[in-house]
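Participant: Under full-length UniProt numbering, residues 1 to 179 are what the sequence shown spells out, in order.
For each residue, glycine too, the CB sits at the ideal point set by N, CA and C.
Bear in mind the structure is a predicted one, so any value in this text is a computation, not a measurement.
Following this message is one structure expressed as structure tokens.
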Amino acid sequence: MIKPGEVVGLVGPSGCGKSTLARVLAGYEKPKEGSVLLNGAPLPSKGFLPVQLIFQHPEKAVNPRWLMRSVLKESWDPDEQLLASLGIEEEWLNRRPGELSGGELQRFCIARALGPNTRFLIADEITTMLDAITQAQIWHAVLEAAEKRGMGMLVISHDKHLIGRVCTRVMKWGSSRTL
């Protein structure tokens, strides 16, 4: 269980199912057994889902034909302060995903997930393709937004230093699959 405002790390070896678990928790896949509950009720099957997953590979999370302005407005219209805190430049809003670098595209995916109705955020290796300075900028912005809104977060990463810095609790996922 992840409480509102709590930042929990999830670590484990490659291929053990961390990303699959993230997709189940976010409602993209059905669990083989058991259920995923949000405030004691099943996840909604229609409309906005208050659990948002930021994927490791942003190019798979956006429509390649849309302008980035439309990608953002698909879920909400972020304010300029959030966009600036993530390092998103105004001119990027009129570009398509293929016209951005992977890091630039990931910033948009993060902004889209940080909507006002998001209650829980799942961050699956969201900054692995970024340089150290950009990683720090992104994590600062994400943690600030999560704290302001009381969002619970699940951070999936192989970066033990990151997990140690941003998480209040760490869970290990592996062959025993215990949470």
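To the nearest angstrom, how far is it from the Cα of S14 to the Cα of W173?
Facilitator: Each residue's Cα considered, the two are about 10 Å apart.
Participant: By how many angstroms is the C-alpha of E90 removed from the C-alpha of W66?
Facilitator: Looking at the two C-alpha atoms, the distance is approximately 16 Å.
Participant: Please report the distance separating the alpha-carbon of L130 from that of I156.
Facilitator: Those two C-alpha atoms are separated by around 16 Å.
Participant: Using a Cβ-Cβ cut-off of 7 Å (strictly less than) and excluding sequence neighbours within five positions of W139, which residues of its own chain qualify?
Facilitator: Only T127 and V166 meet the Cβ criterion.
Participant: Only counting the same chain, and skipping five residues up and downstream in sequence, which positions put a Cβ closer than 7 Å to that of Q135?
Facilitator: Once the five neighbours on either side are set aside, the close Cβ partners of Q135 are T127.
Participant: Of the choices V170, G150 and M151, whose alpha-carbon is the least far from that of D159?
Facilitator: Considering only alpha carbons, the answer is V170.
Participant: With A113 as the anchor, note down where its alpha helix (DSSP H) starts and where it stops.
Facilitator: It spans G102 to A113 - the alpha helix (DSSP H) in which A113 sits, taken as one unbroken run.
Participant: Which two residues bound the contiguous alpha helix (DSSP H) that contains V71?
Facilitator: Counting along the chain, the alpha helix (DSSP H) containing V71 begins and ends at M68 to K73.
Participant: Going straight from the alpha carbon of G87 to that of L105, what length do you get?
Facilitator: Taking the straight line from one Cα to the other gives about 11 Å.
Participant: What does the alpha-carbon distance come out to for the pair F120 and N63?
Facilitator: Between F120 and N63, the C-alpha separation is close to 23 Å.
Participant: Can you tell me whether Q81 is helix, strand or coil according to DSSP?
Facilitator: Note: Q81 maps to helix in three-state DSSP.
Participant: Tell me whether Q81 is buried or exposed, calling it buried when 16 or more other Cβ atoms sit within 10 Å of its Cβ.
Facilitator: Classification for Q81: exposed.
Participant: Would you mind stating whether L25 and V51 have Cβ atoms separated by less than 9 Å?
Facilitator: In this structure, V51 lies closer than 9 Å to L25 by Cβ.
Participant: Could you have a look at V142 and say whether DSSP puts it in helix, strand or coil?
Facilitator: It is helical.
Participant: Near K18, what residues of its chain come up, given a Cβ to Cβ distance below 7 Å and the 5 sequence neighbours on each side ignored?
Facilitator: Correct list, in chain order: L10, G12, I156 and W173.
Participant: Using the C-alpha atoms, what's the distance from G34 back to T178?
Facilitator: Because T178 carries a pLDDT of 47, less than 50, the predicted location of this residue cannot be relied on, and the following value inherits that uncertainty. Using only the alpha carbons, I get a separation of about 14 Å.
Participant: In angstroms with no decimal places, state the Cα-to-Cα distance between L49 and L100.
Facilitator: One C-alpha to the other measures close to 27 Å.
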